[in-house]
Amino acid sequence: MENMAGIFKFSELRRSGKLLIKHECQGARFMRCFRTVAGQPKVHGSILKYCVYGAGVGVVAAASFWYKQVNQARQNFALEGSSSVIEKIKYKPPVEVSRKVISTVDTSGLKLTLFQYQSCPFCCKVRAFLDYYGIPYDIVEVNPVLRHEIKWSPYRKVPILLTKVNGGYQPLTDSSMIISLLASYLSDKSCPVENLVHYYPTVSMHDEEGKFKNEIVNKYFLMYQGPIPKDRTLNDIVEERKWRQWADDVFVHTLSPNVYRTLDEAYETFNWFSKIGRWEEYFPAWERSVMVNVGAWAMWLISKRLKRKHLLKDDVRESLYDGARHWMQGIRHRGTVFMGGDNPDLSDLAMYGVLKSIEGCEAFNDLLSHTSLGTWFNAVKEKVDSHAGSALLTG
Ligand SMILES: N[C@@H](CCC(=O)N[C@@H](CS)C(=O)NCC(=O)O)C(=O)O
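Final position of the sequence shown in my numbering is 397; the numbers increase by one with none missing.
Structure, rendered in structure tokens:
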């Protein structure tokens with residue numbers, strides 16, 4: 003994941019773990035070899051033998067790696083431009099629900115299960131949307147290391163939203179697609195979720211850097227079944243889309259380098275994740291300790307690379323403040339309380355969601371004391387917590 007632009011970049015974490023093990027193994031092997039050479043000067047023949055074996059293994063490994071790469075590139079090339087729709091599943095995966103979010107104001111009729119990490123910014127976005135509209139849902143907290151709760155899914159990231167539909171369950175993946183699809187559904191329930199999903203195909207493609215990826219290209223688009231709703235202008239819709247995309251493509255990338263800026267901050271962040279993610283309830287002590295210690299160190303190191311990759315300023319706080327100021331300038335330009343006007347729109351909920359994922363961190367407190375974001379943030383919070391969006395839904 004470039005997830006919270008990697009808050010929980012556990013795939014990288016796993017990779018760096020593997021690397022660490024690999025280096026240790028190589029070190030031990032080197033030391034053994036050195037000891038042999040130092041202690042027994044007459045073993046040159048066997049050293050030579052090992053060198054030849056080693057070189058042979060190296061050549062075979064390199065050749066098979068190269069072969070795999072070429073094959074993968076060929077397959078990816080063949081897939082370029084192809085599209086697919088997320089398939090419905092017949093049965094609910096047999097996983098335990100961690101907790102239920104209930105609502106007394108629900109009119110959606112949706113039966114949802116959210117597979118998530120509590121502090122993942124993309125999951126926070128989905129929860130902000132569901133809470134704002136007062137839609138109830140079950141939560142399955144996914145173990146970020148083993149991820150066995152989503153073993154049933156070919157999509158290996160969170161959030162995944164499982165929706166009860168006719169004849170089974172429809173998995174929805176990618177926070178922005180989930181939100182666009184549900185918003186389209188709420189505006190006109192005549193088109194069921196399992197039909198709406200066909201409007202959001204996953205397209206296989208190579209990006210500008212030549213990297214292969216699967217992308218839901220129209221994930222920011224709302225699929226109205228008729229003319230656009232009377233209370234919205236085309237400009238509102240286009241602006242909402244623009245800001246939602248900016249939150250995902252730009253703002254979210256300022257978070258990781260900030261919350262993992264120093265090793266102390268990285269520890270503070272992971273301890274906070276542990277608290278709000280209720281890791282004590284879901285994971286044994288040793289697993290928690292690994293997650294916090296390895297996580298803090300790995301993310302502190304990775305955040306340096308993310309800082310370079312996303313061209314953040316030397317003082318990463320400045321990039322975070324710049325993002326927040328840009329957002330607030332957008333609102334001021336509209337002359338309203340929210341980007342959406344008198345009520346939050348999907349871009350307010352997206353921005354609120356990603357910020358919510360760092361709410362307990364030092365970076366968040368600094369952000370509030372250096373920018374005017376706080377008033378807006380608290381206003382959205384009030385609307386989300388009171389499920390204000392439910393009153394705006396028709397039938
Ligand atoms: N574009 C996706 C990004 C989802 C994502 O990157 N999620 C991260 C968690 S924050 C993830 O699951 N990464 C895989 C992993 O943990 O290995 C979305 O908006 O939902």
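Beta carbons: idealized from backbone N, C-alpha and C, even for Gly.
- Rounded to the nearest whole angstrom, the CA to CA distance from Val107 to Tyr135 is 8 angstroms.
- Taking a 10 Å sphere around the C-beta of Thr396, we find fewer than 16 other C-beta atoms and assign the residue as exposed.
- When secondary structure is reduced to three states using DSSP, His208 falls in the strand class.
- In the DSSP annotation of this structure, the continuous segment of the alpha helix (DSSP H) that includes Gly297 starts and ends at 287–311.
- In this structure, Leu322 and Ala365 form a Cβ contact; the two beta carbons are roughly 6 angstroms apart against a cut-off of 8 angstroms.
- Under the three-state reduction of DSSP output, Arg149 falls in the coil class, being neither helix nor strand.
- Here the alpha carbon of Gly376 sits roughly 45 angstroms from the alpha carbon of Lys92.
- By the C-beta criterion, the segment 202–215 is judged not to be in contact with the segment 309–319, since fewer than 3 inter-stretch pairs fall below 8 angstroms.
- Annotation for Lys306: Pro259 place their beta carbon closer than 8 angstroms to its own, counting only its chain and skipping 5 residues before and after.
- Within the segment 109–187, complete beta strand (DSSP E) segments of at least 3 residues are found at 114–118, 139–143, 162–167, 170–175, given in chain order.
- Not one heavy atom of ligand 1 falls within 7 angstroms of the beta-carbon of Ser305.
- Here Phe67 is exposed, its C-beta having fewer than 16 other C-beta atoms within 10 Å.
- Leaving aside the five residues that flank Leu112 on each side, the residues in its chain whose CB is nearer than 7 angstroms to its CB run, in chain order, Ile137, Thr165.
- For Glu89, no pairing in a beta bridge is given by DSSP.
- With respect to the C-alpha of Arg280, the residue from Asn73, Ser121, Asp176 having the closest C-alpha is Ser121.
- Taking a cut-off of 8 angstroms for Cβ pairs, the segment 84–102 and the segment 225–237 do not touch, as fewer than three such pairs fall below it.
- Closest option to Ile278, judged by alpha-carbon separation, among Gly60, Val62, Lys358: Lys358.
- Thr175 is positioned such that its CB atom lies no closer than 8 angstroms to that of Ile49.
- Pairing Ser182 with Phe223 gives a Cβ-Cβ distance under 8 angstroms.
- Taking C-beta separations shorter than 6 angstroms and ignoring five residues to either side along the sequence, the partners of Gly342 in its chain run Asp350, following chain order.
- DSSP, reduced to helix, strand and coil, places Val386 within a helical segment of the structure shown.
- Between the alpha carbons of Phe285 and Phe124 lies a gap of roughly 22 angstroms.
- According to the DSSP secondary-structure assignment, Phe340 is paired through a beta bridge with Gly343.
- Per DSSP, the beta bridge partners of Lys102 are Asp140.
- Under DSSP, Asn216 shares a beta bridge with Ser206.
- Going by C-alpha positions, Met293 is about 35 angstroms away from Val62.
- Secondary structure note for Tyr201: it is in no alpha helix (DSSP H), with a DSSP letter that is neither H nor E.
- In the structure shown, Arg234 adopts coil according to DSSP, grouped into three states.
- With respect to Val144, Val128 sits apart: the two C-beta atoms are not nearer than 8 angstroms.
- The C-beta separation of Thr271 from Tyr262 comes to about 6 angstroms, placing the pair in contact by the 8 angstroms criterion.
- Annotation for Tyr135 indicates a beta carbon at 7 angstroms or more from all heavy atoms of ligand 1.
- In the three-state reduction of the DSSP assignment, Ile333 falls in the helix class, which pools H, G and I.
- Judged by DSSP secondary structure, Lys358 falls within the alpha helix (DSSP H) whose first and last residues are 348–358.
- In the displayed model, Cys53 falls within a helix according to three-state DSSP.
- Taking C-alpha positions only, Gly332 is separated from Trp248 by approximately 12 angstroms.
- Counting every other CB atom within 10 Å of its CB across the protein chains shown gives Ile180 a total of 16 or more, marking it as buried.
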